[in-house]
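Structure first, commentary second.
Residue numbers (full-length UniProt numbering): 1 to 238.
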C-alpha cells in the first residue's frame, strides 16, 4: 500500500502554494490506494498530501479585461519538478549560466529534502527570459524540470473586488490514468470542491503523479481528507 500524509502549513508568505509539489520519477502503478492523515512529525513515506491556505483577490464580475499583466519587468521564475536533493546553491549555479541570479527560494520538506519547487529571481527580464528558454524541459539529474514566469497579476482599480479564500490539498501517488475530472469526482460527492487539477509533463505528455484539489475552507479540506482515508482513485485513461 502506498501512503500519503497531510501536513498543515501555517503560512504561504515565503513560498507559493502550488509550489509544494511531489512529482514522481515514473508514473505510479494504476489504482494505488491512498491513506490520508494529519502528520505532526516528519514521516518517512515516499508520497505526500499537504494542506495549506492561500487568498486570492478576484473581481466581482470577472472578464478577460478585468486582470492585466503587471507592467513591472518579469524577473521572477518558477521551477517545478526539480530533484528533491537539489539545494539553493545548486539552483543558483544552474540559473546563473543564463544571467545574474538575485534570489532563490526553495520550498523545503525537511532539512535535506526539498518539495520539488523553487522560485528564482533574476537581475533583469532579459536574464529571466534567457534562463526560461534555456532551462524549460531541461533534464536535471534525471528529472525534466518545467520553468516559466511566476505570474504577477494586478486588478483593475475601477472594479469592486472580493477575497476568495482557497484551501488546497496537494495529492500525491496518483495512478497514471487519473485525470482532473477523476480527481474532482473523487472528492465531490460529499465535499464542496472549488477546483481540481492533475499535473502533466508536457514532453512527452504524461501524468506527473500528483494534483491539487481546492476547498472553500480549511475544515472542508480536512474533512475531505479524513473521510477519504484508504480510498482508491481509479480513473480512466483518455
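By construction, the Cβ of each residue, glycine as well, lies at the ideal position given by its N, Cα and C atoms.
Backbone secondary structure at residue i - three-state DSSP
| i | result |
| --- | --- |
| residue 14 | Any answer about residue 14 is weak, because its pLDDT of 36 lies below 50 and its placement is not dependable; what the coordinates show is given next. Note: residue 14 maps to coil in three-state DSSP. |
| residue 128 | helix |
| residue 216 | coil |
| residue 135 | helix |
| residue 120 | strand |
| residue 85 | coil |
| residue 221 | helix |
Nearest candidate by alpha-carbon position, reference residue i, set the options
| i | options | result |
| --- | --- | --- |
| residue 219 | 100, 81 and 169 | 169 |
| residue 222 | 139, 167, 150 and 122 | 167 |
| residue 74 | 107, 148 and 105 | 148 |
| residue 93 | 120, 178, 232 and 190 | 120 |
| residue 129 | 111, 185, 224 and 150 | 150 |
| residue 190 | 228, 78, 233 and 141 | 228 |
| residue 124 | 72, 82, 174 and 179 | 72 |
| residue 174 | 146, 88, 207 and 181 | 207 |
| residue 122 | 184, 84 and 78 | 78 |
Exposed unless 16 or more other CB atoms sit within 10 angstroms - verdict on residue i
| i | result |
| --- | --- |
| residue 226 | exposed |
| residue 76 | buried |
| residue 239 | The structure shown does not extend to residue 239, since the chain is modelled only from 1 through 238, so no value can be given for it. |
| residue 112 | exposed |
| residue 143 | buried |
Residue(s) in a DSSP beta bridge with residue i
| i | result |
| --- | --- |
| residue 191 | The partner list for residue 191 (beta bridge, DSSP) is empty, contrary to what the question assumes. |
| residue 146 | 80 |
| residue 185 | Note: residue 185 sits in no beta bridge, so no partner. |
| residue 113 | 110 |
| residue 178 | Looking at the DSSP assignment, residue 178 forms no beta bridge with any residue, so it has no partner. |
| residue 196 | 213 |
Exercise for the section: For the stretch 190-199 and the stretch 209-217, state whether three or more C-beta atom pairs, one from each stretch, are separated by less than 8 Å. Expected result: yes
Handout entry: Three-pair Cβ contact test at 8 Å for the stretch 125-142 versus the stretch 93-107
Key = yes
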